[in-house]
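Asks: Just dropping this structure here.
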Amino acid sequence: MNFGVTPVEIKETIYQAAADLGIGRVSPFLEAVNEVLAEWGVKLPLESQSTNTAENRVETGEQEIICFYFL
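Be aware that the sequence shown starts at 79, since it is given in the working numbering, and climbs by one per residue.
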C-alpha cells in the first residue's frame with residue numbers, strides 16, 4: 079500500500095494465485111494479508127467487487143464461454 083496498490087488489488091493478487099497453487103497454500107497468505115490490512119485500519123471484509131447478480135449470472139457465464147470459444 080506504500081506504493082499505491084489498493085487493498086482490493088492486494089487481495090485479488092492472492093486470489094489469482096489460488097488457481098495455480100491451491101487454496102491450501104494460499105490460505106496462510108490470505109490470513110497474513112487480513113492481519114496487515116487490519117493493522118493499517120482497513121475495514122474488513124472488503125466491499126464486494128462482483129458485477130454479477132443472481133439475475134445475470136447465467137447470461138454472463140454464457141458470454142464468457144462464447145468469447146473463450148472464438149479466441
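Idealized CB from N, CA, C, for every residue including glycine.
In this text the structure is predicted, and so the values were computed from the model without any measurement.
Please look up how many angstroms separate the CB atoms of Asn-130 and Leu-122, rounded, as I've assumed it's under 8 Å.
Replies: Contact doesn't hold; Cβ gap of about 22 Å is too wide.
Asks: Alpha carbon to alpha carbon, what distance is there between Thr-91 and Leu-124?
Replies: 14 Å
Asks: Just to check my reading of the structure: Val-104 and Ala-95 have Cβ atoms closer than 8 Å, yes? What is that Cβ distance to the nearest angstrom?
Replies: 5 Å
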